[in-house]
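Numbering follows the working numbering, in which position 178 of the sequence shown is assigned residue number 180; successive positions increment by one, without gaps. Structure first, commentary second.
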Amino acid sequence: MNRAQATIFIVDDAQDGRVGLSCLLAAAGYQVRVFESAERFLAKPEAEIPGCLLLDVDLPGLGGLELQRALAGSPSTRPIVFLTERGDIDAGVRTMKAGAIDFLTTPIDEQRLLLALDNACRRDAEQRQERAIRNMIQQRLETLTRRERQVVSHVIRGRLNREIAVDLGAGEKTIKVHRARGMSKMHARSVAELVRIIAYAGVEPELPEITEPASNAAKAASLLPLM
Numbered sequence: 003m004n005r006a007q008a009t010i011f012i013v014d015d016a017q018d019g020r021v022g023l024s025c026l027l028a029a030a031g032y033q034v035r036v037f038e039s040a041e042r043f044l045a046k047p048e049a050e051i052p053g054c055l056l057l058d059v060d061l062p063g064l065g066g067l068e069l070q071r072a073l074a075g076s077p078s079t080r081p082i083v084f085l086t087e088r089g090d091i092d093a094g095v096r097t098m099k100a101g102a103i104d105f106l107t108t109p110i111d112e113q114r115l116l117l118a119l120d121n122a123c124r125r126d127a128e129q130r131q132e133r134a135i136r137n138m139i140q141q142r143l144e145t146l147t148r149r150e151r152q153v154v155s156h157v158i159r160g161r162l163n164r165e166i167a168v169d170l171g172a173g174e175k176t177i178k179v180h181r182a183r184g185m186s187k188m189h190a191r192s193v194a195e196l197v198r199i200i201a202y203a204g205v206e207p208e209l210p211e212i213t214e215p216a217s218n219a220a221k222a223a224s225l226l227p228l229m
C-alpha cells in the first residue's frame, strides 16, 4: 500500500507520546494528524480523509473505548489501533470484539505498530470502496421509474415476463420494455448480475427480500467493472 495516501489520526493526551509517534510515522511515510483528546478529535474527525485512528486507551474525559463506541456506525468511523501503557486484557478483548485492528502496549514494537497501521489503512481503503459501490448502486436504483422498480422487483425473484405481466396487469411487451430499461439503468448484463447488484446495495425498501449488503472486499472488487 502507498502510505503517503493514508493519514494516521493520533489521539494521545501525552505530548511526548504525540511527538514521538508523529516522528516515527512521518518517517515511515504516513501523513499524520494529532489530537490531545477524544473531544478534540470528535470536533474535527475529517471523515473524508483516508486512514486510521491510533488511539490511546487511557484518555482523560472521554476514554478510548468510549470514543470507539461513539464512532461505531457513524460517518466518521474508521479502523482503530489501540495503544496502552497497561496490559489490560479485558479492555483489549472488548476493543477487539468491537472491531479494533490491534491492541498494543508500550513500549512500542515499531514493526508490529507499522504492520497494524498498514492493516488498518488497508481495511479503511476496502471499506471506502465498498461504500462507494453501494452509493453508486443506490443512485442507479433512484433512476428507475416506479414501474421499472416493480418489474425489477419481480425479475430478481425469478418471475417470467408473462407472470409479471399478469401480476402487474400489463402487456407482456410492455413488461419486456420496462425490464430492458431497468437492466440497462442498473448496468446488469444478466438476471444473476442484477440480483448480485441489488443484494450489494442492501437498502432498497421496495425489494424487501434482498436485504443483506455484501461486506467482503473481494465482492466489492467484482463489481468495479460495473462502475
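Using N, Cα and C, we set each Cβ at its ideal position, and we do this for glycine too.
Inter-segment contact for the stretch 128 to 139 and the stretch 188 to 207 is present: three or more beta-carbon pairs are separated by less than 8 Å.
Considering only D104, V21, R80, the residue with the shortest C-alpha distance to A49 is R80. Rounded to the nearest angstrom, the Cβ distance from L106 to A122 is 11 Å, too far for a contact under 8 Å. Residue environment for L196: buried (at least 16 other C-beta atoms within 10 angstroms of its C-beta).
In this structure, the alpha-carbon of H180 lies about 7 Å from that of R149. Looking at the backbone, the Cα of Q129 and that of S78 are separated by about 12 Å. Three or more pairs of CB atoms, one per stretch, sit closer than 8 Å, so the stretch 51 to 67 contacts the stretch 85 to 99. As the crow flies, the alpha-carbon of S24 is around 9 Å from that of I10. About 10 Å separates the CB atoms of V154 and V193; that is not less than 8 Å, and the two are not in contact. A straight-line Cα-Cα distance of about 13 Å links R5 and L26. Every beta strand (DSSP E) stretch that sits fully inside the stretch 71 to 126 and reaches 3 residues is listed by chain position as 82 to 86, 104 to 107. If you look at R20, you'll find it in the alpha helix (DSSP H) that goes 17 to 29.
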